[in-house]
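K.L.:
There's a structure below that I have some questions on.
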Amino acid sequence: MRPLVGLIPFALLASLSIPALAGTIAIEGRGEVTATPDTAFVNSGVTTQGATAREALDANTAAMAELLAALKAAGIEPRDIQTSGFSVNPNYVYSDARDANGYSLPPKINGYQVANSVTVTVRALDQLGAILDKSVTVGANTINGVSFAVADPSGLYNDARKAAFADARTKAELYATLAGGKLDELVSISENQNISSPQPYMVKAMADGAARADVPVEAGEMTFGISVSVQWELDDTAK
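For reference, each letter of the sequence shown is one residue, going 8 to 246 in the numbering used here.
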């Protein structure tokens, strides 16, 4: 007869009561809060041309000095003015002419272009239109756009977090009830934040002689959103 010793562990295992794995509910919640921006960022600058790089640079330096002086005179603090771009490039002229072998002739340099731009933080939005107008008046011929922000959005994000968690819990409690149970211990929380802002407002330099009125600019509203993924254990012992 074959020994039965090796079968004993299996018999013991079969007699053990193995608890079923607890069920879980994973839900995503979302919360949003809207607010009016209190800060604007303006990227503006000067582009100049010259027969030589030196000539273009000198003209640009003079124009930028006027622009920076005008910004500071309008109440912009030095800490809120930051150089964001500077370049010196040749202007090329291309020709359809060819050499004796039929190859296209290389382009020729026809002067130089210098571009210098700054990003300006405007903390008093009621002055934004006047600052844009003044910038163009003193020589800024490149304004790449205006964007808006809330200087300190931490409180807004916290409100959105509360709304997102409440949204997730409301839905989770509903599903738990439908499943014949109730929510038990919290297992995990993860979040993802996002912000929706108005599109940048593009501004073009006014032609000489145009009406001197402040540039109309609307800040609109911004939406601060939080998405949370929350998981709970499901207590279905009442079934």
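By construction, the Cβ of each residue, glycine as well, lies at the ideal position given by its N, Cα and C atoms. Model, not experiment: these values are computed from the prediction.
Taking the alpha carbon of TYR164 as the reference point, which residue from PHE48, GLU192, SER234 and ASP242 has its own alpha carbon closest?
P.N.:
Looking at the Cα atoms, SER234 is the closest of the given residues.
K.L.:
Is it true that the CB of GLY57 sits closer than 8 Å to the CB of TYR119?
P.N.:
yes
K.L.:
Measuring only the C-alpha atoms, how far is THR46 from MET229?
P.N.:
12 Å
K.L.:
Check whether the Cβ atoms of ALA186 and ASP242 lie closer than 8 Å to each other.
P.N.:
No, Cβ-Cβ distance for ALA186 and ASP242 is not below 8 Å.
K.L.:
Quick check on DSSP: helix, strand or coil for SER102?
P.N.:
coil
K.L.:
Are the Cβ atoms of ALA156 and PHE48 separated by less than 8 Å?
P.N.:
yes
K.L.:
With a cut-off of 8 Å on the beta carbons, I'd call GLY152 and LEU74 a contact; round off their distance for me.
P.N.:
In fact, because the Cβ distance is near 17 Å, the residues do not count as touching under 8 Å.
K.L.:
How far does the alpha helix (DSSP H) with ILE83 in it extend, from its first residue to its last?
P.N.:
Neither: ILE83 is in no alpha helix (DSSP H) and is coded neither H nor E.
K.L.:
So what does DSSP say about THR230, is it helix, strand or coil?
P.N.:
strand
K.L.:
Return the CA-CA distance between ASN108 and TYR101, expressed in angstroms with no decimal places.
P.N.:
18 Å
K.L.:
Among the candidates VAL222, GLY227, ASN199 and GLU225, whose CA atom is the shortest distance from the CA of ARG37?
P.N.:
ASN199
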